[in-house]
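Student: This is the structure I want to talk about, given as structure tokens.
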Amino acid sequence: MRVDTHTVRKAPMLLTASLGLLIVLTPAAAEAQTCSSVCNQVRRACNHAAKGMSKAARITCTENVGTCRDDCETNASTCPGDCDAASATCAAACATAPDATACEADCAAALAQCVDDCTNCDANCLTTGVTCKNEAKAARDAMREVCSGARDICDGSCEEPIDRGCVHDCTTDEHGCRDDAKRTEVGCKKGCAKGSAAKSCIRTCRKDNNLEQQACEDLTVLCYAGCIGVDLTPPPVTTPTTMAP
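Heads up, this note's numbering is the position in the sequence shown plus 407, with the first residue counted as 1.
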């Protein structure tokens, strides 16, 4: 069964997230003639994916810490006043609460937490960043466990003889996908304004092209897996913790 890559390559980011287990399979691997060779490639692809996903998650954690600390700095002058204003609103609502005493206690606790968040905002960002990276590592370890069994799953699913015509069509579609991505990059660079912002714009164009090229590889894996009758369910993807001061 061949997957129509022309249909799905229009949403590369969604596909990249959904593939999970099958991230990288080179064109050379797609030309493999035996299930044994293919399944070895699947296992290696899985381990490569685990490493790549972990790296991406850690980068996201670092970026979130930076954003969080910037917000701390921006809100530093108004944070205590914002806490007092929120506390006053909370206390006013207690006048009509069924249990005014409990309500006031909740308001006091919320005020104390708000003030603590203001005082320790930067430190809290760093602590949350550590937690985020630990979650990324745990997700990587969980995926590696899946990888360890990927070969057995593949061996039990792969069927010979492999449909060479299907494989050829998948490879042809990959070439078209890569060409489209490259043309998009060229157009992106041409659209970059001259001046100091040009380098940043060009870097963004290159980054987007790299993502598109990765998506093309993902599509080839998805297509080729259908050719050999392999159905591997990807592991759940853990989203790194989002930080807020």
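Each residue gets a CB set at the ideal place from its N, CA and C atoms; glycine is no exception. It should be emphasised that the depicted structure is a prediction, and the values quoted were computed from it without experimental measurement.
Taking the alpha-carbon of D529 as reference, which of A493, G473 and K601 has the nearest alpha-carbon?
Tutor: Counted from its first residue, the sequence shown places residue 529 at position 122. Closest option to D529, Cα to Cα, is G473.
Student: Are the Cβ atoms of A632 and M550 separated by less than 7 Å?
Tutor: Counting from one through the sequence shown, the residue named residue 632 turns up at place 225. Counting from one through the sequence shown, the residue named residue 550 turns up at place 143. Cβ distance not < 7 Å, so A632 and M550 don't count as in contact.
Student: In chain order, what residues of the same chain have a beta carbon less than 8 Å from the beta carbon of R590, not counting five sequence neighbours either side?
Tutor: Residue numbering aside, residue 590 sits at position 183 when the sequence shown is read from its first letter. Excluding residues within five positions, none has a Cβ falling inside 8 Å.
Student: Skipping 5 residues on each side, what residues in its chain have a beta carbon closer than 7 Å to that of C521?
Tutor: Residue numbering aside, residue 521 sits at position 114 when the sequence shown is read from its first letter. Leaving aside the five residues that flank C521 on each side, the residues in its chain whose CB is nearer than 7 Å to its CB run, in chain order, C490 and A493.
Student: Hey, how far is the Cα of N616 from the Cα of C608?
Tutor: Within the sequence shown, the letter at position 209 stands for residue 616. Within the sequence shown, the letter at position 201 stands for residue 608. Straight-line Cα distance between these residues: approximately 12 Å.
Student: Considering only C-alpha positions, which residue in the set C584, R610 and G583 is nearest to C595?
Tutor: One-based indexing of the sequence shown puts residue 595 at position 188. Ranking C584, R610 and G583 by Cα distance to C595 puts R610 first.
Student: Hey, would you say the C-beta of G556 is under 6 Å away from at least one heavy atom of the ligand NAP?
Tutor: Annotation note on the ligand NAP: not contained in the displayed structure, which lists no ligands.
Student: Between which two residues does the alpha helix (DSSP H) containing T579 stretch?
Tutor: Position 172 of the sequence shown holds residue 579. Its alpha helix (DSSP H) spans residues R571 to K597.
Student: Alpha carbon to alpha carbon, how far is E566 from E438? Give it in angstroms, no decimals.
Tutor: On the sequence shown, position 31 is the one that residue 438 refers to. On the sequence shown, position 159 is the one that residue 566 refers to. With a pLDDT of 45 at E438, under the threshold of 50, the modelled position of that residue is not reliable, and the figure given next carries that caveat. Rounded to the nearest angstrom, the two C-alpha atoms are 15 Å apart.
Student: What does the Cβ neighbour count give for I635, buried or exposed, with the cut at 16 atoms within 10 Å?
Tutor: Walking along the sequence shown from the start, residue 635 turns up at place 228. I635 comes out buried.
Student: Just how far apart, CA to CA, sit C599 and R585?
Tutor: Position 192 of the sequence shown, counted from the first residue, corresponds to residue 599. Position 178 of the sequence shown, counted from the first residue, corresponds to residue 585. Their Cα atoms are separated by approximately 22 Å.
Student: I'd like to know whether the C-beta atoms of C446 and D562 end up nearer to each other than 7 Å.
Tutor: Taking the sequence shown and counting its residues from 1, one reaches residue 446 at position 39. Taking the sequence shown and counting its residues from 1, one reaches residue 562 at position 155. Taking 7 Å as the Cβ cut-off, C446 and D562 qualify as a contacting pair.
Student: Using only CA atoms, which one of N531, A622, N541 and M460 lies nearest to D478?
Tutor: Translated into positions along the sequence shown, residue 478 becomes position 71. Of the candidates N531, A622, N541 and M460, the one whose C-alpha sits nearest the C-alpha of D478 is N531.
Student: Is E581 closer than 7 Å to T538 when the C-beta atoms are compared?
Tutor: Residue numbering aside, residue 538 sits at position 131 when the sequence shown is read from its first letter. Residue numbering aside, residue 581 sits at position 174 when the sequence shown is read from its first letter. No, the Cβ-Cβ distance between T538 and E581 is not below 7 Å.
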